[in-house]
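Residue numbering for the sequence shown follows my numbering, starting at 815 and increasing by one per position.
No residue lacks a Cβ here, since even glycine has one placed at the ideal position from N, Cα and C.
Quick caveat: nothing in here was measured; it's all calculated off a predicted structure.
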Amino acid sequence: MDSLTPRPYDSIDSLTQRPNRPIDPLTPRLKIHLIAAARHNFMKIALLYLALKKEDWAKPHIVHTGQHYDLNMSDAFFRDLRLPDPDFHPGVGSGTHAEQTGRVMMAYEKLLLQEKPDFVIVVGDVNSTLACALATTKICFTQIIKPSSLPAGQPPTYSGHRPLLAHLEAGLRSFDRSMPEEINRIVTDSLSDILWTPSPDADENLRREGIPDEKIIRVGNIMIDSLEMLREEIQRQQMCKQLGLRDKD
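1) Any chance the segment 846-859 sits against the segment 1023-1032, with 3 or more Cβ pairs inside 8 Å?
2) My output table needs one value for F955: the three-state DSSP class, helix, strand or coil.
3) Count the other C-beta atoms from every protein chain shown that fall within 10 angstroms of the C-beta of I1038, then say buried if there are 16 or more, exposed otherwise.
4) Let me confirm a value: T910 is counted as buried when at least 16 other C-beta atoms fall within 10 Å, else exposed. Which label applies?
5) Which residues does DSSP list as the beta-bridge partners of V934?
6) By the DSSP assignment, the beta strand (DSSP E) with P1026 in it spans what residues?
7) Looking only at DSSP bridge pairs, what is I1036 linked to?
8) Considering Cα atoms alone, identify which of N855, D939, I859, L1057 is closest to K996.
9) Is it buried or exposed, M867, if we count other Cβ atoms within 10 angstroms and call 16 or more buried?
10) Between the C-alpha atoms of L927 and R1060, what's the straight-line distance to the nearest angstrom?
11) Between V936 and H981, which are expected to be in contact by the criterion C-beta below 8 Å, what is the C-beta distance as a whole number of angstroms?
12) Could you give the distance in angstroms between the alpha-carbon of L1005 and the alpha-carbon of R1021?
13) Taking only three categories from DSSP, how would you classify V877?
14) Measuring only the C-alpha atoms, how far is G907 from L944?
15) Please determine, among H854, L897, N1035, K952, the residue with the shortest C-alpha to C-alpha distance to S1013.
16) Give the DSSP-derived three-state secondary structure of G909 in the structure shown.
17) Go ahead and pull the three-state DSSP assignment for L773.
18) Ordered along the chain, which non-local residues of its own chain (more than five positions away) have a Cβ less than 8 Å from that of D1017?
19) Taking 8 Å as the threshold (C-beta atoms), are P900 and V934 in contact?
20) As an exercise, report each continuous beta strand (DSSP E) stretch of at least 3 residues that is fully enclosed by the segment 977-1021, in chain order.
21) Kindly indicate if chain C contains any beta-carbon less than 8 Å away from that of G1024.
22) Taking the alpha-carbon positions, what's the E869 to M993 distance?
23) Straight-line CA distance for K924 to L1009?
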């Protein structure tokens, strides 16, 4: 799985780096879960999902935890982002931080055991980010090594593994631990196998917390990629004029 680790480019390409190993046509594509909980999460994963769909090694699935129920999350919203409806929707809903985090963990653990993804991508700093990171790193998929692949007379053996965990927008810090989001950021980063950062200061924040350099991959601000994807539509609808914005505002 370490061959999935992308090289440090400042573009969407580094998030969709093809594995270095040859692709076996008889081997299923890697199953990838992209976790989203609210509108802004979908805006961040949209372009990544679309890019992964084009890769012959990847099979991305969108998981909407339902942490934030939004009446404006209509078909038009997904259509504007060029996204299909989420593949999985546990529908967790609102609650206290502890209730919500616990419910997402329980719901996503069931989905992990059912779907057995190879790669889980969490984004941002909401409660679902932390909950899915915890569930992913605590899970263990047991694999039976059958006698046919072992020396004669040797009984079956068992091995365990878990999905690779990546955090998109890693390393951002407010340095205010009274904020629930700050706790979510710190813990998620400490658990992640790959940390995709938006900026040099995010890299330095992670290094100060003891994260090794080989886990830190600077990819830039994915929201800029999303803006570029939607730029023509924004101009077509004259959104700047509707919002009273002038050139260069």
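So, to answer that:
1) no
2) strand
3) exposed
4) exposed
5) H847, L979
6) First-last for P1026: undefined, no H or E at that position.
7) The partner list for I1036 (beta bridge, DSSP) is empty, contrary to what the question assumes.
8) Per the sequence shown, the amino acid found at residue 996 is Glu instead of Lys. Closest by alpha carbon: D939.
9) Note on identity: in this sequence residue 867 is Lys, with Met being the wrong assignment. Counting Cβ neighbours within 10 Å, K867 comes out exposed, since fewer than 16 surround it.
10) 51 Å
11) 6 Å
12) 14 Å
13) strand
14) 16 Å
15) N1035
16) coil
17) With the chain represented from 815 up to 1063, any question about residue 773 goes unanswered, as that position is not in the structure.
18) G985, T1011, I1030, R1032
19) no
20) 978-982, 1008-1011
21) Annotation note: the requested chain C is absent from the structure, which comprises a single protein chain.
22) 38 Å
23) 25 Å
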